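S.K.: Structure incoming, see below.
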Amino acid sequence: MMLPMLSIIIPTLNAGQSLTNCLNRLDSCDIETEVIVVDGGSSDDSSARARNFGAHVVTSDSGRGRQMIAGAEHATGNWLLFLHADTLLGETWERAVTDFQNRWPDRAGYFDFAFQGTSFRNKIWARGVALRCALFKFPYGDQGLLIPRTLYDQVGGFRALPFLEDVDLVRRLGRRRLIRIYCTAFTAADRFERDGYFRRSAKNLIIVLLHACGVSPAKLVKLYR
77 MMLPMLSIII PTLNAGQSLT NCLNRLDSCD IETEVIVVDG GSSDDSSARA
127 RNFGAHVVTS DSGRGRQMIA GAEHATGNWL LFLHADTLLG ETWERAVTDF
177 QNRWPDRAGY FDFAFQGTSF RNKIWARGVA LRCALFKFPY GDQGLLIPRT
227 LYDQVGGFRA LPFLEDVDLV RRLGRRRLIR IYCTAFTAAD RFERDGYFRR
277 SAKNLIIVLL HACGVSPAKL VKLYR
């Protein structure tokens, strides 16, 4: 049997409606895929929604790091695409992924960032993220990560961290192995709208800087909440 070319791994925890939107965009694509939803103990109908889309549901301890690891362990594809449950890929994602695989067979890719919604503030935020990625090649997990299985294994994959699992993996990949995918990943702005855009952004920056200085993710997760 031919292995699926692309395994899409989505960690979820009580994200039913967001997960439905995410899976709906991935449904009926023309490239060979398997979708693995890793549930961290949801009390809603996330798992049932995933199964309705034909996704393979895996259960895991909560925490994106552990859930990403569990998903990768069950994946059979030679490419892995990690997505957050509240991320909606742009309509051209299939072509963008295929083009990337053909051009960069030994590199990892990240999508452009945008919040769901068309407010001016959201557009300014997207430009700021684009500048960060252009200057530092430092995407976050809500931009998705497309990576060959061989490279994922080579760098040691995700670690079972309670927080900042995406930052940890991106730092180990390094600038030269991270390439932009010319397609947008739209992310829900709920946390930013609740906390305030400036406050949440400042908090995220402080967390990343503290992590770079050696503060453990276990301590920083309390600051993130």
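So in our numbering, the last one in the sequence shown is 301, and the numbering has no gaps at all.
All C-beta atoms in this analysis are idealised placements derived from N, C-alpha and C, irrespective of residue type, glycine included.
Fair warning: this is a prediction, and the values are worked out from it, not measured in the lab.
So Ile282 is in the alpha helix (DSSP H); what residue range does that whole segment cover?
M.R.: On the sequence shown, position 206 is the one that residue 282 refers to. Tyr273 to Ala288 is the extent of the alpha helix (DSSP H) around Ile282.
S.K.: From the DSSP output, which residues share a beta bridge with Glu110?
M.R.: Start at 1 with the first residue of the sequence shown, and residue 110 comes out as number 34. Beta-bridge pairing links Glu110 to Ser83.
S.K.: Identify the residues that DSSP records as bridge partners of His132: which are they?
M.R.: Your numbering for residue 132 matches position 56 in the sequence shown. The partner list for His132 (beta bridge, DSSP) reads Ile112.
S.K.: Output the distance between the C-alpha atoms of Gln93 and Asp121, rounded to the nearest integer angstrom.
M.R.: Translated into positions along the sequence shown, residue 93 becomes position 17. Translated into positions along the sequence shown, residue 121 becomes position 45. Answer to the nearest angstrom: the Cα atoms are 9 Å apart.
S.K.: So, using beta-carbon positions, are Ser138 and Gly116 closer together than 9 Å?
M.R.: Looking up residue 138 in the sequence shown gives position 62. Looking up residue 116 in the sequence shown gives position 40. Cβ atoms of Ser138 and Gly116: closer than 9 Å.
S.K.: What residue range is occupied by the uninterrupted beta strand (DSSP E) comprising Tyr186?
M.R.: In the sequence shown, counting from the first residue as 1, residue 186 sits at position 110. Ala184 to Phe191 is the span of the beta strand (DSSP E), which, as asked, contains Tyr186.
S.K.: Which same chain residues, not among the five before or five after Arg171, have their C-beta less than 7 Å away from its C-beta?
M.R.: Taking the first residue of the sequence shown as 1, we reach residue 171 at position 95. Here the set comprises nothing.
S.K.: At which residues does the alpha helix (DSSP H) containing Pro293 begin and terminate?
M.R.: Position 217 of the sequence shown holds residue 293. Segment Pro293 to Tyr300, the alpha helix (DSSP H) holding Pro293.
S.K.: For the putative contact between Cys98 and Ala161, defined by C-beta atoms under 8 Å, what is the C-beta separation to the nearest angstrom?
M.R.: To locate residue 98, count along the sequence shown from 1; it is residue 22. To locate residue 161, count along the sequence shown from 1; it is residue 85. Going by Cβ atoms, the distance from Cys98 to Ala161 rounds to 6 Å, so yes, they are a contact pair.
S.K.: If you draw a straight line from the C-alpha of Arg208 to the C-alpha of Ala126, how long is it?
M.R.: Numbered from its first residue, the sequence shown carries residue 208 at position 132. Numbered from its first residue, the sequence shown carries residue 126 at position 50. Distance between the alpha carbons of Arg208 and Ala126 is about 33 Å.
S.K.: Leaving out five residues before and five after Phe214 in sequence, what residues of the same chain have Cβ atoms less than 7 Å from its Cβ?
M.R.: Indexing the sequence shown from 1 puts residue 214 at position 138. Answer for Phe214: Arg208 and Val246, listed in chain order.
S.K.: According to DSSP, which residues form a beta bridge with Leu156?
M.R.: Locating residue 156 in the sequence shown gives position 80, counting from the first residue. Leu156 pairs with Ser83 and Ile223.
S.K.: The beta strand (DSSP E) that contains Leu89, what's its start and end?
M.R.: One-based indexing of the sequence shown puts residue 89 at position 13. Looking at the DSSP string, Leu89 is not in any beta strand (DSSP E), and its letter there is neither H nor E.
S.K.: Can you tell me whether Glu149 is buried or exposed, with buried defined as 16 or more other CB within 10 angstroms of its CB?
M.R.: If you number the sequence shown from 1, residue 149 lands on position 73. Exposed, since its Cβ has fewer than 16 Cβ neighbours within 10 Å.
S.K.: When DSSP labels each residue in this structure, what does Ala161 get in the three-state scheme?
M.R.: The count along the sequence shown starts at 1 and reaches residue 161 at position 85. Looking at Ala161 - three-state DSSP - the assignment turns out to be coil, as it is neither helix nor strand.
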